[in-house]
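**Student:**
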Amino acid sequence: MTPADDFTREILAMLRASRPAFSFHAAEPLEIKGASDTGDQFRLSLKRLHAACVREPETAERFRSEFLAAFQAAFAPEPPAQVDRQRIIPILRSPEYFDRLMEELARHEPGEAPHGPARALMNERLAVAFAEDDPRALRFLREDELESMGLSFEDGLALAITNLARLTPQMRFQPVGEFYMVTAGGRYEASLILERQTWESRQIEVKGDYVFGIPRQDVLFVTGSEDAEGLARMDEMMRAAVESTDAVISSDLFVLQEGGRIVVFDR
Numbered sequence: 065m066t067p068a069d070d071f072t073r074e075i076l077a078m079l080r081a082s083r084p085a086f087s088f089h090a091a092e093p094l095e096i097k098g099a100s101d102t103g104d105q106f107r108l109s110l111k112r113l114h115a116a117c118v119r120e121p122e123t124a125e126r127f128r129s130e131f132l133a134a135f136q137a138a139f140a141p142e143p144p145a146q147v148d149r150q151r152i153i154p155i156l157r158s159p160e161y162f163d164r165l166m167e168e169l170a171r172h173e174p175g176e177a178p179h180g181p182a183r184a185l186m187n188e189r190l191a192v193a194f195a196e197d198d199p200r201a202l203r204f205l206r207e208d209e210l211e212s213m214g215l216s217f218e219d220g221l222a223l224a225i226t227n228l229a230r231l232t233p234q235m236r237f238q239p240v241g242e243f244y245m246v247t248a249g250g251r252y253e254a255s256l257i258l259e260r261q262t263w264e265s266r267q268i269e270v271k272g273d274y275v276f277g278i279p280r281q282d283v284l285f286v287t288g289s290e291d292a293e294g295l296a297r298m299d300e301m302m303r304a305a306v307e308s309t310d311a312v313i314s315s316d317l318f319v320l321q322e323g324g325r326i327v328v329f330d331r
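Numbering of the sequence shown is given in the working numbering, commencing with residue 65 and proceeding in unit increments.
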C-alpha cells in the first residue's frame, strides 16, 4: 500500500461519510469514481489535493475541508430543471448495470419504488436508456421525466437518435488492419450503432453483416460477420479496451441484422 493509496482511502471514507446515499470507489490511486443518489456519475481527481497536502502538511486539514465543501456544493440539491428535448441522446449499458443501479437506489429509498432510468432491452446483453447531453456529467432520464414531456419510450428513442446525429461530429471510419474504428467526438461513439441510416447506406464495405464492438461509451469497432481475420483482430482490441477501464458497456460483439435488429453475435 503506497502513501497515495492511503490518501485515496482516507478521502474515500470522508466522502462516504458526507454523502452516505452516494456510491464511491477508488478507480486508481488519487482518483475516485462514483454516482449520486439520482444516478449521476462523476470522477474526482485527488492529484492536486494530494500535492497540496504533501507540500504543506500543516495546512492539510484545511485543504481537505475545502475539497469536501466544494464537492458538497457541486452536488447540493437543486430544483429539477426542465429537460431540453433537443439534447436527449441514447445511452447503451448492460442490463446488469441498470440492475445494480436500481438496487443502489432501492437501498436509499426503503419502502418506495425507486425512480429509475427509462430503459429498454435491445437484447439479452444490451439495454438502451436516455441522457441529456451535458459535458459536465451524465444523468439518465427517468420514466416520469419522459412522461412529463408527453413522450412514449419509442418516441423518445426516435428523438434521441435524431439528436445524436445532430450533436455528434461526422463519423470517421479509420481502418485498423482488418476492421474499422469509428470516431465522432470521443463521447458517444457506442450509441452510433443505433443510427440506422448510416449502416443501411453501407458507408463502409465489410464481408457480411456489420458486427459492432462497444467496450466503452467512447469506443466503436466495426467489422464484417464473415471476416474471420477482422473478427479475430477486433477480439484482441476488445479485450485490451475492456481491461483498460471499469466503465465497460459490454465485452460481447453485436451484429446488425436485416430489418435493423441488433443481437448478440453468435459464432
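A virtual CB, placed ideally from N, CA and C, is assigned to each residue, including glycine.
In this text, all values refer to a predicted model and were calculated from it rather than measured experimentally.
Taking VAL286 as the reference, give the member of ALA311, GLU307, ASP316 with the closest Cα.
**Tutor:** That would be ASP316, whose Cα lies nearest to the Cα of VAL286.
**Student:** Could you tell me the alpha carbon to alpha carbon distance between PHE150 and ALA116, rounded to whole angstroms?
**Tutor:** Residue 150 is actually Gln in this sequence, not Phe. One C-alpha to the other measures close to 42 Å.
**Student:** Would you check if the distance between the CB atom of ASP197 and the CB atom of ILE153 is smaller than 8 Å?
**Tutor:** Against a cut-off of 8 Å, the Cβ pair of ILE153 and ASP197 comes out as a contact.
**Student:** Could you name the residues of the same chain whose beta carbon sits closer than 8 Å to that of GLN353, not counting the 5 residues immediately before and after it, in chain order?
**Tutor:** In the structure as shown, the chain begins at 65 and stops at 331. Residue 353 is therefore absent and cannot be evaluated.
**Student:** Measuring alpha carbon to alpha carbon, tell me which of LEU210, ARG297, LEU231, LEU223 ends up nearest PRO239.
**Tutor:** Per the Cα distances, ARG297.
**Student:** If you draw a straight line from the C-alpha of ARG236 to the C-alpha of ALA68, how long is it?
**Tutor:** Going from the Cα of ARG236 to the Cα of ALA68 covers about 39 Å.
**Student:** Does the segment 182-192 come close enough to the segment 118-126 that 3 or more CB-CB pairs lie under 8 Å?
**Tutor:** Counting Cβ pairs under 8 Å, fewer than three are found: no touch.
**Student:** Along the beta strand (DSSP E) that carries PHE329, what are the first and last residues, could you check?
**Tutor:** That residue, PHE329, is in no beta strand (DSSP E); it is neither H nor E in DSSP.
**Student:** Would you kindly work out how many angstroms separate the C-alpha atoms of ARG266 and VAL246, rounded to a whole number?
**Tutor:** Those two C-alpha atoms are separated by around 14 Å.
**Student:** Go ahead and label LEU202 buried or exposed: buried means 16 or more other beta carbons lie within 10 angstroms of its beta carbon, across all protein chains shown.
**Tutor:** Classification of LEU202: buried, given that the 10 Å Cβ count is 16 or more.
**Student:** Are ALA195 and ILE225 closer than 8 Å when you measure CB to CB?
**Tutor:** No.
**Student:** Just list the residues that DSSP pairs ASN187 with in beta bridges.
**Tutor:** In the DSSP output, where bridge partners are listed per residue, ASN187 has LEU190.
**Student:** Near VAL328, what residues of its chain come up, given a Cβ to Cβ distance below 7 Å and the 5 sequence neighbours on each side ignored?
**Tutor:** Closer than 7 Å at Cβ, skipping near neighbours: ASN187, GLU188, ARG189, ASP316, PHE318.
**Student:** Decide if ILE326 is buried, meaning its Cβ has at least 16 other Cβ atoms within 10 Å, or exposed.
**Tutor:** Buried.
**Student:** Figure out for me which residue from SER255, GLU259, PHE243, ALA305 has the closest Cα to the Cα of VAL275.
**Tutor:** Ranking SER255, GLU259, PHE243, ALA305 by Cα distance to VAL275 puts PHE243 first.
**Student:** For PRO121, is the classification buried or exposed, using 16 other Cβ atoms within 10 angstroms of its Cβ as the cut-off for buried?
**Tutor:** It counts as exposed.
**Student:** What does the alpha-carbon distance come out to for the pair PHE135 and GLU264?
**Tutor:** Cα to Cα, PHE135 sits roughly 45 Å from GLU264.
**Student:** Round the Cβ separation of ASP273 and SER255 to the nearest angstrom and send it over; I've been treating them as touching at under 8 Å.
**Tutor:** Contact doesn't hold; Cβ gap of about 19 Å is too wide.
**Student:** At what residue ranges does the segment 125-171 contain a whole run of the beta strand (DSSP E), taking only runs of 3 or more?
**Tutor:** Segments of the beta strand (DSSP E) lying fully in the segment 125-171: 152-157.
**Student:** Let me check understanding here. Comparing Cα to Cα, which of VAL118, ARG183, GLN234, LEU284 lies closest to GLU218?
**Tutor:** Of the candidates VAL118, ARG183, GLN234, LEU284, the one whose C-alpha sits nearest the C-alpha of GLU218 is ARG183.
**Student:** Put ALA293 into one of helix, strand or coil per three-state DSSP.
**Tutor:** Here residue 293 is Glu; the residue named in the question, Ala, does not match the sequence. GLU293 falls in the helix class under three-state DSSP.
**Student:** Could you give the residue range of the alpha helix (DSSP H) that holds SER212?
**Tutor:** Its alpha helix (DSSP H) spans residues 207-212.
**Student:** Measuring alpha carbon to alpha carbon, tell me which of THR102, ASP291, LEU295 ends up nearest LYS271.
**Tutor:** With distances taken between Cα atoms, LYS271 lies closest to ASP291.
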